[in-house]
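Numbering (this note's numbering), first residue to last: 31 to 733. Positions of the beta carbon are idealized from the N, C-alpha and C atoms, including for glycine. Given the structure is predicted, the values throughout are model-derived calculations rather than measurements.
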Amino acid sequence: MTTAQHDAYPAPGSATPGPPETLPRPGRAARLWRGRAEDPAWARPALIALLGLTGALYLYDLSASGYANSFYSAAVQAGGESWKAFFFGSSDAANSITVDKPPAALWPMALSVRLFGLGSWQILVPEALMGVAAVAVVHAAVRRRFSAAAGLIAGAVLALTPVAALMFRFNNPDALLALLTTVAVYCVLRALEAARTGWLVWAGVAVGFAFLTKTLQAFLVLPPLALVYAVCAPASVRRRIGQLALAGLALIGSAGWWVAIVELWPASSRPYIGGSQNNSFLELTFGYNGFGRISGNETGSVGGGGRGGGWGETGIGRMFGDSVGGQISWLLPAALVLLVAGLVVTRRSGRADTARAAFLVWGGALLTTLVVFSFMAGIFHEYYTVALAPYIAAVIGMGTTVLWEERTHPAARAALAGAAAMTAVWAHVLLGRTTDFVPWLRPVVLVCGLVAAAGLLFAGRIGRGLALGAAGLGLAASLAGPVAYTLSTLAGGHQGSIVTAGPESSRGGPGGGGPGARGDGGPAADGPGGMPPGAADGQGRAPGQGQGQAPGQGRMRGVPPGAGQGPAQGEGPAGAGRAGGLLDGPDVGSAVAARLTENASDHTWVAAAVGSQNAAAYQLATEEPVMAIGGFNGSDPSPTLARFRQYVAAGAIHWFIDGGAGGGPRGAGPGGGSGAEVQEWVRANFTQVTVGGTTLYDLTSPQ
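Right, here's the structure in full:
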């Protein structure tokens with residue numbers, strides 16, 4: 031193994047050119063620009079350029095996505111108005127119901143809105159900055175043990191992964207989750223250097239807040255992190271066990287404080303826990319958002335919690351399939367090869383060797399997440415794979431540079447050449463799925479990648495210049511496909527519950543992943559409204575295709591075959607967003623917004639609508655609380671019909687907006703109420719008003 035530990039400063043007691051007090055100390059700006067003393071002169075400027083370019087790319091035309099996923103943007107707006115809504119992650123400032131996730135991902139965006147007002151940039155800039163931070167953390171983690179080139183390659187691979195470029199410009203929780211799990215890996219690697227308890231505790235804190243971002247998905251990194259530390263940390267067994275126990279306590283504390291408050295808070299004075307059927311965050315965590323994702327038994331989702339298969343074929347091929355492959359898998363085969371090669375190269379290292387530990391930690395996180403995503407039978411969407419992007423990037427950076435340093439060995443050259451050739455061939459396959467997208471790139475990538483592989487195979491026999499040229503050509507060929515897809519992703523906005531990266535023709539396929547650009551169809555949402563193929567309301571209709579909503583033309587990818595859908599956003603009757611308001615809210619005209627805000631101060635909610643996406647559109651248009659009846663797809667038992675009638679009798683709600691998600695079967699849920707029941711009662715008892723094509727019912731004017 032030729033990679034050596036890189037230390038920023040001389041070890042204590044080592045020789046120096048003169049007495050330490052006589053040595054000139056560079057200024058802070060100079061140190062920031064120069065970096066480590068042993069680094070090549072280009073290393074720190076290259077890092078600064080990488081982070082600057084990442085920021086520029088992720089911030090480019092950011093407002094094209096508008097409010098992105100209005101489900102979360104409405105909660106951000108609410109959190110910007112009410113600290114109670116901020117704390118709980120409520121969908122509206124009057125705190126009727128929460129989103130179906132814990133609120134940590136909403137907090138940075140809500141703080142931004144509090145400081146700078148409501149707008150697309152205010153919501154999405156924190157997400158873009160998370161992307162830059164994730165690139166910096168991956169670089170730092172890889173660079174501490176490997177070369178400057180390894181860190182830069184890892185950072186660049188992450189920044190240019192299509193699904194990363196998508197999700198770090200979007201307001202789903204996955205951006206913060208990817209950042210926090212990456213921070214956790216970094217902290218564990220720092221702890222492994224000298225069995226440092228503090229760094230291990232910080233890793234526990236990072237995982238704890240990742241739990242408050244997307245519940246049990248955060249724990250996918252725990253097995254490899256804990257196991258590698260338990261085996262490889264340079265300390266006694268007793269000390270290692272004690273340190274892991276402290277990290278576990280830090281995790282429980284950083285996540286449990288919020289959970290304890292929510293569970294102990296009287297249910298009558300807090301919002302209903304969206305996505306649950308019993309108003310319990312623990313039920314949501316371990317059921318719908320937890321083990322239900324593995325087994326497919328997801329009570330509360332459209333389809334009634336049937337077993338898996340509805341979200342596309344499970345199995346190891348899922349990550350390479352038509353709908354997922356272009357998001358994340360460009361360098362996945364190479365990463366698996368380089369992971370094995372890195373472990374082989376470091377096989378004779380000592381138990382506490384940090385290079386081997388780095389391969390085990392990053393590789394373990396990659397394999398654990400990969401297996402779960404591949405075989406989970408519940409709701410699965412393509413954008414989930416952003417969680418894999420930092421792990422793939424780190425393994426690519428470490429593996430390529432380690433094999434390059436070992437290139438005098440034939441096996442190392444063969445592995446490096448094989449990874450380059452495999453990447454070129456796989457890019458040729460992926461680009462072949464979008465034949466109308468830059469068609470010239472496909473043969474160029476294949477030829478250049480194979481030429482580079484041939485050069486790398488003989489890198490130990492040709493001159494260093496030619497070998498470097500082959501390596502550079504291989505890197506360029508490997509990144510060409512992801513770069514093209516990333517630039518395509520950056521070229522337009524993305525809105526709705528489900529978004530995918532890459533050109534329009536690459537989107538769609540079983541298991542969700544329809545187009546995410548504005549105005550196009552898409553699959554079901556990552557919420558209680560998640561809608562697998564084959565899920566309908568028992569009457570041949572997708573939820574929300576009801577009275578006053580015309581069926582859509584053709585079939586949206588990821589929506590049940592044969593199930594009707596509402597018109598695309600901006601088409602057909604007002605209030606009929608994509609899939610009847612389940613996937614995205616409607617365009618809200620100024621006349622409707624003005625009518626809803628009349629006498630707004632006299633009511634707790636200016637309006638109520640079935641389904642969170644539907645309600646969110648009107649809330650964002652009016653910046654006033656709009657009650658989301660039944661949560662995401664209208665089937666949560668919140669509020670019950672009896673409770674809704676009490677609100678109406680008290681004058682708490684002014685308008686009911688007709689249409690939206692259908693609300694599931696009548697009487698759904700243990701509480702005995704559903705959006706369908708409420709909608710039926712309102713239609714039978716209140717005066718209908720039509721404003722700008724939108725049907726409203728004045729709840730202060732009974733028939």
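Could you tell me whether the Cβ atoms of residue i and residue j are closer together than 9 Å?
i      : j      : result
Pro192 : Trp360 : yes
Ser103 : Pro301 : no
Gly181 : Leu83  : no
Ala489 : Leu517 : no
Phe248 : Ala277 : In the sequence as presented, Phe is not what sits at residue 248; that position holds Ala. In this structure, Ala277 does not lie closer than 9 Å to Ala248 by Cβ.
Phe200 : His524 : yes
Ala735 : Gly161 : The requested residue 735 is not part of the displayed model; the chain covers only 31 to 733.
Leu81  : Ala158 : no
Cys478 : Arg381 : no
Val168 : Ala444 : no
Gly689 : Asn644 : yes
Pro132 : Trp295 : no
Gly408 : Ile346 : no
Ala451 : Ala501 : no
Ala385 : Arg437 : no
Val656 : Gly722 : no
Ser121 : Ala651 : no
Phe118 : Val292 : yes
Val529 : Tyr677 : no
Ser642 : Asn309 : no
Arg74  : Gly65  : yes
Arg463 : Gly356 : yes
Can you list, in chain order, the residues of its chain with a C-beta nearer than 8 Å to that of residue i? Leave out the 5 residues immediately preceding and following it.
i      : result
Val475 : Ala454, Ala457, His458, Leu461, Ala507, Ala510, Gly511
Arg494 : none
Ile153 : Tyr97, Ala98, Ser103, Val106, Met139, Ser142, Val143, Asn201
Thr431 : Thr33, Phe176, Ser177, Ala179, Ala180, Ile183
Trp63  : Arg74, Pro75, Ile78
Ser731 : Phe716, Thr717
Can you give the beta carbon distance from residue i to residue j, rounded, assuming they're within the 8 Å contact cut?
i      : j      : result
Ala521 : Ala195 : In fact, because the Cβ distance is near 11 Å, the residues do not count as touching under 8 Å.
Pro420 : Ala260 : Wrong, their Cβ atoms sit about 22 Å apart, outside the cutoff.
Tyr727 : Thr717 : 7 Å
Asp130 : Gly320 : Actually they are not in contact, since the Cβ atoms of Asp130 and Gly320 sit about 12 Å apart, beyond 8 Å.
Leu671 : Trp711 : 6 Å
Ile687 : Thr724 : 7 Å
Leu246 : Thr344 : Rounded, the Cβ-Cβ distance is 18 Å, inconsistent with contact.
Met349 : Ser306 : Not a contact, Cβ separation roughly 30 Å.
Met197 : Val416 : 4 Å
Asp614 : Ser527 : 6 Å
Pull up the DSSP beta-bridge partners for residue i, would you.
i      : result
Asp747 : No answer is possible for residue 747: it lies beyond the span of the chain, which begins at 31 and ends at 733.
Ala638 : Met657, Phe686
Thr128 : Ser120
Tyr302 : Ile127
Leaving out five residues before and five after residue i in sequence, what residues of the same chain have Cβ atoms less than 6 Å from its Cβ?
i      : result
Asp69  : Ala178
Gly394 : Pro254
Gly705 : Val640, Ile659, Gly660, Gly664, Gly693
Ala221 : Trp229, Leu230
Ala225 : Ala263, Pro264, Ala265
Ala115 : Ala108, Gly109, Ala123, Asn125
Ala240 : Leu207, Leu210, Thr211, Ala248
Leu487 : Arg443, Ala447
Ile426 : Val187, Leu361, Ala365
Pro203 : Lys131, Ala135, Thr243, Lys244
Thr465 : none
Gly238 : Leu281, Ser284, Ala285
Tyr88  : Ala158, Gly161, Phe198, Arg199
Among the residues of its own chain, which have a CB less than 7 Å from the CB of residue i, if the five just before and after it don't count?
i      : result
Ala388 : Arg175, Leu219, Met428
Ala449 : Ala364, Val367, Leu368
Leu418 : Ile358, Leu396, Thr399, Leu400
Val402 : Leu250
Ala514 : Val468, Leu471
Ala171 : Val215, Tyr216, Leu219, Ala424
Ala256 : Leu274
Would the C-beta of residue i count as close to the ligand NAD, meaning under 8 Å from any of its heavy atoms?
i      : result
Val235 : No copy of the ligand NAD occurs in the structure displayed, which carries no ligand at all.
- prompt: Per the contact definition of three or more C-beta pairs closer than 8 Å, is the region 169–177 in contact with the region 134–154?
  reply: Of all C-beta pairs linking the region 134–154 to the region 169–177, fewer than three are shorter than 8 Å, placing the two stretches out of contact.
query: Contact between the region 360–378 and the region 205–219: three or more CB pairs below 8 Å?
result: As far as the Cβ criterion goes, the region 360–378 does not touch the region 205–219, which means the pair count is below three.
field: Inter-stretch contact (C-beta, 8 Å, three-pair minimum) for the region 265–281 and the region 626–641
entry: Between the region 265–281 and the region 626–641, the count of Cβ pairs shorter than 8 Å is below three; the stretches do not touch.
message: Taking 8 Å as the cut-off, does the region 230–245 touch the region 276–290 (at least 3 CB pairs, one atom from each stretch)?
response: The answer is yes - the region 230–245 touches the region 276–290, with three or more Cβ pairs under 8 Å.
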